[in-house]
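Here's the structure we're looking at; comments come further down.
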Amino acid sequence: MQKLFKSCYELDSRCYEEYNLTEDILMEHAANGMADYIKANFKEQSSVLIVCGVGNNGADGIVLARLIQGFYEVKLYLPFGVRSVMAEVQLERVQCLDIEFVDEVEEADVIVDAIFGAGLSRELDEKTRRVIVQLEALEGFKIACDVPTGIDVDGNPLPMAFFADVTITMGALKEALYSDMAKDYVGEVICVDLGLHYDKYTEGFESNTLLLEESDLKLPSRNWSKMTHKGSFGHLAVIAGEKEGAGVMSASAALRFGAGLVTMVGELVTPLPLAIMQDTELPYNTTAIAFGMGYGDDFEDEIVDDILDSEAPLVLDADIFNSELILDFLNQKDRSIVLTPHPKEFVSLWHMSMNSPLNVALLQANRLSKVREFCEAYPHVTLLLKGANTIIAEDKRVFINPHGSSKLSKGGSGDVLSGLIGGLLAQGESTLDATIHASLALTAGAKAYGGSSYAMLPTDIIEEIAKLEKGSRII
């Protein structure tokens with residue numbers, strides 16, 4: 016896991032005040048990080064167009080021009096001139112060298128956006144928008160310096176932004192780079208140091224927002240003991256509803272992810288896989304419950320009262336977020352509960368449980384803040400908000416899984432996720448750990464799928480998850 020910061024200004028200031036580093040030194044290292052990336056990935060004498068803004072982000076780009084001059088055919092474009100003290104200093108330095116200044120956007124093998132970085136708080140003016148449109152038309156490989164121009168501190172385009180293949184960010188990772196709205200703009204994100212080790216740069220600065228890495232996945236491996244039986248790994252009850260297939264996929268995912276027993280509860284028409292049991296009431300030895308997937312609108316069944324009376328950990332999904340019954344579950348403050356809404360479902364949940372207006376557009380522009388607000392009101396609940404970058408939160412802790420892909424944009428993926436979470440809850444994992452590891456397993460399974468990008472089925476994810484331990488070092 017890596018810390019995410021809303022802003023790195025305080026971290027930079029500590030470098031000046033405590034470590035006697037200067038703005039010039041930090042800038043040199045920022046540019047050197049970009050230079051190292053270019054040298055590692057592009058042949059010498061490739062053409063590099065660097066487009067710089069008036070401030071210190073632009074100054075980083077000017078330093079980059081100096082560092083790679085001679086190795087590459089550098090073209091420096093300053094469409095707005097320079098304004099900050101450091102930008103003026105860096106400009107004086109490159110003017111002593113044989114660097115080509117251009118008066119307009121030109122095609123190049125590599126295009127570097129160093130116009131605006133982190134902290135943008137106003138909409139881009141017309142001239143900047145025009146430059147970005149011109150850059151988008153170029154065919155070269157695109158690199159953003161720190162943050163793509165146009166992405167604000169909350170990760171939203173204002174109202175447009177530079178599309179980068181790679182974003183090379185400075186010092187530490189920023190929250191803005193992992194918003195859903197920024198995902199298509201940032202490309203791959205690489206963090207470079209600023210003259211001292213990352214641990215020293217971030218030392219003393221805590222963050223309750225963490226980025227999940229693929230290596231954080233912990234599989235429910237059974238290598239710890241041979242003295243086990245099916246009861247050692249829990250019993251998940253999956254509540255069947257109108258769309259029985261949703262429950263079947265959840266049940267199948269839970270079995271594949273280590274649950275010892277899985278029972279579908281309800282009157283079923285759909286034939287079940289042989290390994291999944293069926294009952295009309297909660298089994299006496301239920302250790303976790305998955306409820307809501309494909310359930311429909313009728314929450315008057317007797318089974319609902321049984322779920323409310325049970326003390327078993329619970330994962331809630333889908334149709335439950337359209338019923339005020341959800342409030343009864345939210346009021347069970349001593350119970351282990353996971354909520355897994357997509358944005359529209361979260362808005363419905365919000366309207367029933369919070370005292371402020373919200374729509375999907377407002378949520379998507381403020382995902383982190385709305386998740387934090389909800390979890391402040393319900394700190395006993397673990398929330399997973401689905402999206403391009405999945406957010407997992409409990410109380411004041413927030414985790415972001417950035418490893419999802421468009422392959423998961425298909426009906427049934429969420430049912431698989433609920434089953435994975437339920438399977439881990441049944442095996443005794445905490446709500447937070449179960450949700451984190453299930454989310455990572457889902458994205459790992461999707462990544463491992465080798466078929467066409469449009470072809471993956473939820474059942475394919477389950478099959479790929481079954482193979483994760485074979486390719487993992489995690490025991």
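Residue numbers (our numbering): 16 to 490.
No residue lacks a Cβ here, since even glycine has one placed at the ideal position from N, Cα and C.
The structure displayed is predicted, hence computed values, not measured ones.
| query | Could you give the uninterrupted runs of the beta strand (DSSP E) lying entirely in the segment 367–433, keeping only those of 3 residues or more? | reply | List check, beta strand (DSSP E) in window: 396–400, 405–409 and 412–416.
| Collapsed DSSP secondary structure at residue 469 in the structure displayed | coil
| The beta strand (DSSP E) with residue 65 in it runs from where to where? | 62–67
| said: Please identify the residue among 203, 222, 150 and 89 whose C-alpha is closest to the C-alpha of residue 25. | reply: 222
| request: Enumerate, from N- to C-terminal direction, the unbroken beta strand (DSSP E) stretches of 3 or more residues contained entirely within the segment 196–227. | output: 203–207 and 224–226
| request: Buried or exposed for residue 271, please, with buried defined as at least 16 other CB atoms from any protein chain shown within 10 angstroms of its CB. | output: It counts as buried.
| query | Roughly how many angstroms lie between the CA atoms of residue 480 and residue 459, to the nearest whole one? | reply | 7 angstroms
| request: Would you check if the segment 182–192 and the segment 166–173 touch, i.e. whether three or more CB-CB distances between them fall below 8 angstroms? | output: yes
| According to the Cβ coordinates, are residue 332 and residue 445 closer than 7 angstroms? | no
| field | Inter-stretch contact at 8 angstroms, needing at least 3 Cβ pairs: the segment 129–145 / the segment 72–83 | value | yes
| How big is the Cα-Cα spacing for residue 112 and residue 96? | 18 angstroms
| query | Is the beta carbon of residue 159 sitting closer than 7 angstroms to the one on residue 64? | reply | no
| query | For residue 111, which three-state DSSP category applies? | reply | coil
| query | Which residue's Cα is closest to the Cα of residue 298: 341, 250 and 288? | reply | 250
| message | Checking the sheet assignment: what are the DSSP bridge partners for residue 116? | response | 91
| query | What are the boundary residues of the alpha helix (DSSP H) that includes residue 334? | reply | That residue, residue 334, is in no alpha helix (DSSP H); it is neither H nor E in DSSP.
| query | Does the segment 194–203 come within contact of the segment 172–182, defined as at least 3 CB pairs closer than 8 angstroms? | reply | yes
| said: Considering just the uninterrupted stretch of the beta strand (DSSP E) at residue 293, what are its terminal residues? | reply: Where residue 293 is concerned, the enclosing beta strand (DSSP E) stretches over 292–294.
| task | Along the beta strand (DSSP E) that carries residue 129, what are the first and last residues, could you check? | result | 125–129
| query | Any contact of the segment 409–424 with the segment 245–261, i.e. 3+ C-beta pairs under 8 angstroms? | reply | Counting Cβ pairs under 8 angstroms, fewer than three are found: no touch.
| task | Report the rounded CA-to-CA distance for residue 451 versus residue 348, giving the unit in angstroms. | result | 21 angstroms
| message | Quick check: the Cα distance between residue 392 and residue 329, rounded to an integer number of angstroms? | response | 19 angstroms
| query | Exposed or buried, what is residue 109 when buried is set at 16 or more other beta-carbons lying within 10 Å of its beta-carbon? | reply | buried
| query | Do you know offhand how far residue 369's Cα is from residue 119's? | reply | 51 angstroms
| said: With H, G and I counted as helix, E and B as strand and the rest as coil, what does DSSP make of residue 241? | reply: coil
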